[in-house]
Structures are given as structure tokens and as C-alpha cells.
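FYI, the numbering for the sequence shown is 1196 to 1822, going by this note's numbering.
Everything on this sheet refers to the single structure shown next.
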Amino acid sequence: MEKKQFQAESKRLLEMMINSIYTQREIFLRELLSNASDAIDKIYYKALTDDNLVFDKDSYYIKVSADKEARRLVLSDSGIGMTKEELENNLGVIAKSGSLAFKKETELKEGHDIIGQFGVGFYSAFMVADVVTVTSRALGSDTAYKWESAGAEGYTIEAAEKAEVGTEIVLHIKESTEEDSFDEYLEEYRLRAIIKKYSDFIKYPIKMNVSSQRPKEGSEGEFEEFKEEQTINSMVPIWRKNKSELTDEDYEKFYHEKHYGFDKPLKHIHISADGAVVYQAILYIPENIPFDYYTKEFEKGLELYSSGVLIMNKCADLLPDYFSFVKGMVDSEDLSLNISRELLQHDRQLKLIAKNIKSKIKGQLQSLLKDERDKYEQFYKSFGRQLKFGVYNDYGAEKDVLQDLLLFYSSKEKKLVTLDEYVSRMPEEQKYIYYASGESNERIEKLPQTELVSEKGYEILYFTDDIDEFAIKVIAKYKDKEFKSVSSGDLGIESDDQQNDNEAQDNENKELFDYMKDVLADKVKNVRVSKRLRSHPVCFSTEGELTIEMEKVLKAMPNGGDVKADKVLEINSSHAVFQSLKDAYANDKDKLSLYTNLLYNQALLIEGLPVNDPVEFTNDICKIMVG
């Protein structure tokens, strides 16, 4: 028996693989099971072209067994087997894939895919084994051969005995150390878990002798343990079945089996794409928000399979951030994978799948919004904030995708409405889409700034999320209608006569307002007669892009800094307070200063902003009370 050496580059690759290519040791079982499935696929394909070969699916299987005492893990298959030359070529030259060569040689058509396209997968066995023995008998051969290697030093090939066609791989599992435990790969429960995780949908049965209990004969209430052969994998994945065969209950069962969530999904999307890239997918829109959704611990992504074999638990590249709430899986045989099959090459196929998935999710949400409004509002309560973040991110690059999915509470409808619904109800003379911001709908209802817009009969959208105004600033216009805050300096409502009257009052009371502005110093940009107030004495309006609600949000951020909106103190000239201000300016400047500070603090409280000096504020109130 001659010992042969790996080629120099193969030896280096094997050493690197054992130590660094795969991030998880358990992957070795996925690779070996994929190779076994390939071997059976090859017989199936040959049966299609060879009338003398009959493929009876029930005769083909993969077996896994473990012997703790001998530290042996055995995988056997009834596949096509390998000749001596194939053992040498496929296992003696690392990174030469027998499956890939077979695929090219036979030019497999759709429906006859081969899982393993990288010869390196077999060598992942050396991550857990110190000796690997492969005994194989090829289809049509009476002789079997044994390939054996203890790692990078080389391998041997010799004739062997094997009764049936197929391949048996025996791994002698390494001894555990203080740093590394290898015993788990001899444990029945662990092997079953790995098979279910990565290879549950391989289309041939993966069998194991598993421990069970049965009543002990002649002894009431006692049980004895015995071994029985069970098929571990499900084999036929739900996504490869026809949609007509499946019920909502089937999709819901799969959702829970895959632990996508504990809730009941609102909707599922079953995709069977057959175009520039072929793939299947099942996606779910959850009913409830995960407890960690808005934390850094939350990890987005879909499960990614290659021909039924799990490649990644969370493939983040398949989902945009704003659809990160979507759960589910994608299976494709067209993806280009790297040497360990753990990472995707960022190729055209992946981008095409991601683009298609984005479109499908948007379409499902639009359908939900149109046809099942109650369900959509339930979804929006959980994930609407994420859609708004999607509008704001990347300088509004995705605003056209998302803006029609947004909902806001309406002052007129007293319910959530879309931007399209708002615009469709706008009177012909209305120039802007008006909105008001605040902590809650109830607080916004009472804002003095809403009076004029409401008086005109115009609908107001209520913004109660911290992201709302930022998202709307990015959208800027919807169907050629600009957004306008009810606190904006110019509401675009006043007639020419009203504007002229306001300007006249501002000019007439310029000295009063200048004095009040000096009292408040840099706290306000200006003091003037209000264009919007009807019954309330005072309010803030703002100039520029930064509003008071945006100021609150930014100040709450760790690096928000001392940002300030340009506030204007507006006085209702029709209110009795205005006459008191004029009298105080004429007769008692100290009282005017007192009134000015009170009105400023009153405006702060209306906006939900903190009073700068609460003690001074309460003292000012007492001064008014005692005259």
C-alpha cells in the first residue's frame, strides 16, 4: 500500500481549511451529507439516459451512525460510488469537485441540480476527525477501494471489500481538549439537531438509529430503551410544493417550525421565480413586533438555502433595512458561493433576487392596505416607524418605494389615512398638505397653532413619531403638494387684506414687540402679531427648516448638541392680553417684562418644552396674583 502526498498547493489549502475557512465546525456534516445527496443524484440522472438502469427512489438513502466508545462517526450512502481513479482525482486533489465536473460533463438541465460544486467541502471533516476513511464501490464495478488520510501529510488508496454500490465515510473523531470539545459529534441529539438545521430538505432520506422507549414486557409501568431506525429529515420542502396544494395552516405551521416568531403571521408570500435567476421563497409579514426589534441585538435577514441545503441563517443582503421585519427563506441553485459556502459572492444573481423580493414585499403591503385595511393598520402599528426610517435614510433614495405605504392620523377623519387619501380630499384652493407635531393626538388637538388651518376647513395630519417630520422633510412634495407645518411662519392661507392688516399691526406695535424681544434676548428670533391664533393668547411659530419637535428629537440624542429652532413668539391681537401688553408698555415697563416672560413660558408649556427656570416662573405667577 503506497502512501501518496497531496499536491503542495492542496496541502496548504487543507491546513488553511482545517484552521480558518469554516467558522463553525458543525458545517462538516452539512458538507458530507450534501456530497452523499450528490452521489444519489448522479444515479438518478444516469437512469434517465440508461434504459438498463431503473431508479427506485425508495432504494436510495443516507445513513448516519455514531459509536461513542470507538469514537467513530459513520456516513454511508447508496449513491453512484467512486472508482479508484475518481477517489484519487476527487479526494487527492483538493478543490477539484467531482460534482462540478459531472454537472459540466452531462450539462444537467433544470430539475437535476447537484448540490456540491466544491471539492473542498469533503475536507471540512478534518476539523473534527484525525483520521478519515472513505470506502467506495462505483456503479458497474465489482471492486471497492478504500481512501484513508490523517490530514495534510498525505493519503493511501487500496482495494477493499464492499457488498453494495455506494460510499461509506468513517470519521475517527478527535479527542476533546480543555479548549475544544469534539464529543458532541458523537451524541445522537446533537447529530439530529445539525441534520435538521442544515440538511432537513435534502430530497433523500437521512436515517439514524435513534433511542426510543417502550413498555417492558412482564413489568407494569416500566420501560426499556431500544434503538429504531428513523428518517431525520423532512425531505420535501414546503417551498417546492405547488401553492394550490398548500393551505394557510401549512404556511403558519412552517412559520412556527422554523421559529420565525411566536405570533401568527399576518400574511405570507410564496415566490417561485423562473427568469434571469431561478429561486423559491416563502416570506412572512409578522403580526407583532419582536421584543428586540429596535435594539442593536436584532439581526435582520432571511434563511438562505442552496438546493435545499442551509447556507446562511441570516442573509442580510436579501432585505433592505426598511423591510427588516420580514421573516422567511430563499432557496436557489443559481447563487455563486465562496469556497466554504458560508459567504455569498456579491454577484448579479443575489442582487436580482433581492430586487425581486423588495418588489414582492411592497406589492403585498399595498394589497394589504387596499383590501385588508384593518390588518394593514395592525401591521403599521408595529412596523410603520421602520417604513418612515426607510424614507429618511440614504437621503430619501427609497422615498418613492415607501411613501404610499405611510399612514398618519387625520384631524378630520379621526383615523389613519394615506397621503393619497389626504390629497384626494384637498379643496381646490388648498396649496399645502398641513401637519402638526406633538407627543400625542390629544396634545395636538389642543395646539393653538391649528386654529386657523382648522377654521379654513383644511385637514391636518398628526405627527406623533420622532421620525415623522424628518421623513416628511425628505419627501418634500407629494403629488406636487408641499408639506407645511401649522407652526410655519407662512401658512399660505391669509388673504392679501389679512396680510396687509397683520403688517400694519406689526408696524404699529413695532416698539412694543422690539422691547419684548429685548427682554427675551436670544430666546426668540422675533415677536409679532399672530396670523393663526383665534382664541388662544400666545403660541410659537418657527422660521427655517428646523421645527420645535425636531429640536426635541435632536436634543434627546447623545450627540444632539445645543440645537435650537428659530422660534417666533406670536401674540393674538384680538385677545384681552394684547391690550394689557400695550397698557404695560405705556405705563409700567417692569410689568411688561413680567408679562413677556410669562407668555414665553406659557408658549413653552404648550409645546411640551421645559421651562428654563421653574422657580422664577412660579414667582412671576405669584406677582400677578398679588397685583
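Ideal Cβ positions, reconstructed from N, Cα and C, are used throughout, including at glycine.
Within the stretch 1208-1278, the beta strand (DSSP E) runs of at least 3 residues that lie entirely inside it are, in chain order, 1257-1262 and 1267-1272.
Cβ atoms of residue 1594 and residue 1662 stay farther apart than 8 Å, at about 13 Å. Taking 8 Å as the cut-off, the Cβ atoms of residue 1484 and residue 1513 do not count as close.
For residue 1451, the secondary structure class from DSSP, reduced to helix, strand or coil, is helix. Taking residue 1598 as the centre and dropping the five residues before and after it, the same chain places the C-beta of 1586, 1614, 1670 and 1673 closer than 8 Å to its C-beta, in chain order. Counting every other CB atom within 10 Å of its CB across the protein chains shown gives residue 1507 a total of 16 or more, marking it as buried.
Each residue's CA atom was taken as its position, placing residue 1392 and residue 1262 some 22 Å apart. If one requires a minimum length of 4 residues, the alpha helix (DSSP H) runs lying completely within the stretch 1508-1570 are 1543-1566, in chain order. Taking a contact as a CB-CB distance under 8 Å, the pair residue 1276 and residue 1362 counts as one, their CB atoms being some 6 Å apart.
Looking at the DSSP output, residue 1734 sits in a beta bridge with 1765.
The Cβ atoms of residue 1461 and residue 1574 sit closer than 8 Å to each other. Here residue 1361 carries a strand assignment [DSSP, helix/strand/coil]. Taking the Cβ atoms as the reference, residue 1801 lies roughly 6 Å from residue 1643, within the contact range of under 8 Å. With a threshold of 16 other beta carbon atoms within 10 Å, residue 1821 falls short and is exposed. Residue state for residue 1500 is assigned as strand, using DSSP reduced to three classes.
Assignment of residue 1741 by DSSP, reduced to helix, strand and coil, places it in the coil class.
The continuous stretches of alpha helix (DSSP H) do not include residue 1410, which lies in the beta strand (DSSP E) extending over residues 1401-1410. Taken atom to atom, the span from the alpha-carbon of residue 1331 to that of residue 1356 is near 9 Å. For residue 1723, DSSP records a beta bridge to 1765. In the DSSP assignment, residue 1480 falls within the beta strand (DSSP E) that extends over 1473-1480. With contacts defined as CB atoms closer than 8 Å, residue 1329 and residue 1282 qualify as a contacting pair.
Note that the C-beta distance between residue 1746 and residue 1664 is not below 8 Å. In this structure, the beta-carbon distance from residue 1775 to residue 1736 does not fall below 8 Å.
Collapsing the DSSP output to three states places residue 1575 in a helix. CA-to-CA, the gap between residue 1722 and residue 1770 works out to about 16 Å. The Cβ neighbour count for residue 1742, taken over all protein chains shown within 10 Å, is at least 16; the residue is labelled buried. Here residue 1760 is not bridged, per DSSP, to any residue. In this structure, residue 1581 keeps its C-beta atom at 8 Å or more from the C-beta atom of residue 1627. Note: residue 1463 is bridge-paired with 1479 in the DSSP secondary-structure output. Each residue's CA atom was taken as its position, placing residue 1417 and residue 1377 some 34 Å apart. By the criterion of at least three beta-carbon pairs nearer than 8 Å, the stretch 1712-1731 is in contact with the stretch 1686-1703. Cβ-Cβ distances below 6 Å link residue 1459 to 1482 in the same chain, with the five nearest sequence neighbours on each side left out; the list follows chain order.
Within the same chain, and ignoring the five residues on either side of residue 1666 in sequence, the residues whose Cβ sits closer than 6 Å to its Cβ are 1583, 1586 and 1587. Its chain contains no residue whose beta carbon lies nearer than 8 Å to that of residue 1469 once the 5 sequence neighbours on both sides are disregarded. Taking 8 Å as the cut-off, the Cβ atoms of residue 1238 and residue 1386 do not count as close.
Nearest to residue 1466 by alpha-carbon distance, out of 1410, 1764, 1605 and 1433, is 1433.
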